[in-house]
Structures are given as C-alpha cells and as structure tokens.
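Read the structure below first, then the notes.
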Amino acid sequence: MPNLQLLDLLVRVEQLGSLSKAATSLQLAQPNASRALARLERQIGRPLLVRSSSGSKLTSTGTLVAGWARPLLAAAGEFEAAMASLDHAVHNKLGVLASQTIAESYAPAWLARFQAAYPQVSVHMEVANSTTIMDRILAGDTRLGLIESATVRPGLHTQLIGHDQLILICPAAHPWAHRRSPVSLKQLAGTPLVVREQGSGTRQVLELALADFPITAPAMVASSNAAVIGSVTAGAGPSVISKRSAAPALAQGTIVEVAVAHAHRLRRPLRAIWASGNAPVGPAAHFVQASRPSLPPPQQ
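Residues in the sequence shown are numbered from 1 upward in steps of one, following full-length UniProt numbering.
Following this line, the structure appears as structure tokens:
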C-alpha cells in the first residue's frame with residue numbers, strides 16, 4: 001500500500017492545482033515532492049500527473065487514486081486527532097487561535113459556557129489575525145482556529161458559528177456624525193479611513209465591500225481594534241469596525257455610528273476552522289459546540 005504522505009501529496013495537488021503549492025503546504029522542497037510523486041507513479045504503475053506551465057493536473061488514474069485516498073487520509077486524521085485528544089485529556093489543556101474581534105467580543109461568553117461544562121480543562125487562547133490563523137492551522141501549529149474572514153484557504157474545513165456586523169464609526173465632531181442620509185460605498189471608498197492591518201478579517205471584508213470602487217489610501221493603519229477606536233476618537237478619521245467591538249465607546253458617546261448604504265455587504269461570518277481531515281475531537285470539539293450550542297458535532 002502506498003505511503004499515506006504520498007497520497008496526501010497527490011490529493012493536495014488536486015486541491016491546489018500546483019505541485020509547488022502542494023509541496024509548500026506539506027513543508028516539502030519541490031524536488032523532493034517531484035521525486036515522491038514519481039515514486040508513487042512507479043508503485044501504481046501508471047502516470048498520475050500532467051505538468052504544464054499553468055500548473056499540475058491529475059490524470060484520470062490520478063483522479064481515481066486521489067478519490068480512493070481521501071477516506072484513508074480522513075481516517076488517519078481522525079486516528080491522529082483521537083490519539084492527541086488522549087494527551088489533551090491527560091494534561092487538561094486546549095489551545096485555540098482566535099481573531100482579535102472574536103477573542104475580545106465573543107469568546108469570553110463561549111469560554112464561560114465551556115468551562116462551566118468542563119472545569120478540568122484549561123484553555124489557552126492565542127490572538128492573531130485571520131490570515132495568520134489560517135497559515136498556522138495549515139502548518140500544523142494548532143488544530144482549532146476561530147476567524148471572521150470572508151474567504152477560507154484550500155485545505156481547511158470550516159463550520160459557521162455566527163455572524164458579525166461591521167459598522168461605520170466617526171468622531172462625535174466629524175461632519176458625518178449628524179448626516180441624515182447613509183454614506184454610500186463609493187463615498188466610503190473615497191475617504192481616508194482608519195483601518196486594520198492587511199491579513200485582518202475586518203480589513204478583508206471592508207475591501208471586498210468596496211471592491212467596485214477605487215479605494216483611497218488609509219488615513220492610518222492600526223493593528224488592534226482598541227487602537228482603531230482610540231484613533232477615531234482622537235480625530236484621525238472614520239473607520240469600519242465590528243459593532244460589538246465599538247459598543248463601549250458608542251455607549252460613552254466618544255464615537256458615533258453612521259448609517260451605510262448596502263450595510264449587508266459589511267456582514268461577515270464567524271467560523272471555526274481546522275485542517276481538512278483533522279476535525280476537532282475531545283475538548284476541541286466541545287469548545288466548537290460551546291460557541292454555538294445548537295451546532296451538530298464538527299465534521300471532516
């Protein structure tokens with residue numbers, strides 16, 4: 001039977017459309033990946049891959065083998081995750097990567113619900129932006145991530161756990177603070193805004209919403225929601241941010257919410273993510289369910 005790593009490489013070539021991308025996702029040098037696939041072709045006795053300048057495509061035999069390999073890889077992932085869960089059970093620890101908005105505004109309630117049910121499990125939550133979390137999940141640094149990105153990388157499985165609404169905010173003294181008509185997306189795109197850094201789910205959703213228009217360079221780039229709100233309060237300019245994150249400052253009156261036309265384009269999904277074939281088990285699966293109790297158990 002072929003080595004599971006060779007089969008995993010073949011499946012990733014099919015998913016990513018490129019041998020180099022598949023090799024990178026497995027942290028293999030491309031020459032080593034090429035030799036590995038050649039070895040798999042010799043074992044099976046038929047060509048599995050057609051290479052071209054535009055990428056790599058599986059042959060009909062390669063497609064069949066990849067299809068047969070997926071259940072094997074999924075079963076291996078389940079076995080590995082189950083064995084890891086034994087280690088978690090012994091050490092009573094759970095590591096989670098969470099985006100800043102989720103960590104600040106949503107996770108505290110989820111953690112309280114989870115720890116009420118599993119008081120023996122210690123949760124370590126590390127905060128990063130959505131792009132970094134996807135990179136680290138694919139690299140195998142951790143098993144479970146919580147993001148609010150509009151798009152998800154190939155090789156990741158997601159489960160919807162909620163939605164978050166972005167809103168337009170400005171200083172109380174800004175001309176928009178007292179306007180009666182909504183700000184159009186075109187106006188928003190043409191205004192220097194205080195924005196989050198590239199890789200942030202908030203930044204990605206904003207740029208997708210404004211994609212039909214030329215986007216003016218930001219007034220300021222901030223790496224945290226608190227820095228965004230502080231900059232808006234100080235008069236650096238308007239911003240688009242999670243309504244949940246802005247709620248305390250809105251209640252204090254230091255910033256103002258401004259209506260936006262087509263606000264539905266600023267609504268984003270909250271997702272739990274994990275590597276395909278490596279669904280959360282044990283404490284990690286329970287935590288996903290604690291984030292939204294009506295959810296079914298995580299699937300591959």
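Ideal placement from N, C-alpha and C gives every residue a C-beta, glycine not left out.
Sixteen is the threshold: since fewer than 16 other Cβ atoms of the shown chains lie within 10 Å of the Cβ of Thr216, the residue is exposed. Nearest Cα to Ser276 within the set Gly155, Arg180, Ser291 and Leu188: Gly155.
Taking C-alpha positions only, Phe287 is separated from Ala98 by approximately 12 Å. The closest CA to that of Leu208, considering only Ala219, Met220, Lys186 and Arg179, is found on Lys186. Under the three-state reduction of DSSP output, Glu207 falls in the helix class.
Judged by DSSP secondary structure, Gln159 falls outside any alpha helix (DSSP H) and instead within the beta strand (DSSP E) spanning Leu156 to Pro171.
Rounded to whole angstroms, the separation of the alpha carbons of Ala247 and Pro71 is 46 Å. Looking at the DSSP output, Ile241 shares a beta bridge with Ile167. When secondary structure is reduced to three states using DSSP, Ser223 falls in the coil class, being assigned neither helix nor strand. Contact between Leu49 and Gly62 holds, with the beta-carbon distance rounding to 6 Å and staying under 8 Å. For the 8 Å CB-CB criterion, Gln30 and Leu19 form a contact. Rounded to the nearest whole angstrom, the CA to CA distance from Glu257 to Val96 is 32 Å.
For the pair of segments examined, the stretch 193-207 was found to touch the stretch 125-134: the number of CB pairs separated by less than 8 Å reaches three. For Ala76, same chain residues with a beta-carbon under 6 Å away, outside a window of 5 residues either side, are Leu4 in chain order. Per DSSP, reduced to three states, the secondary structure at Pro2 is coil, with no helix or strand assignment.
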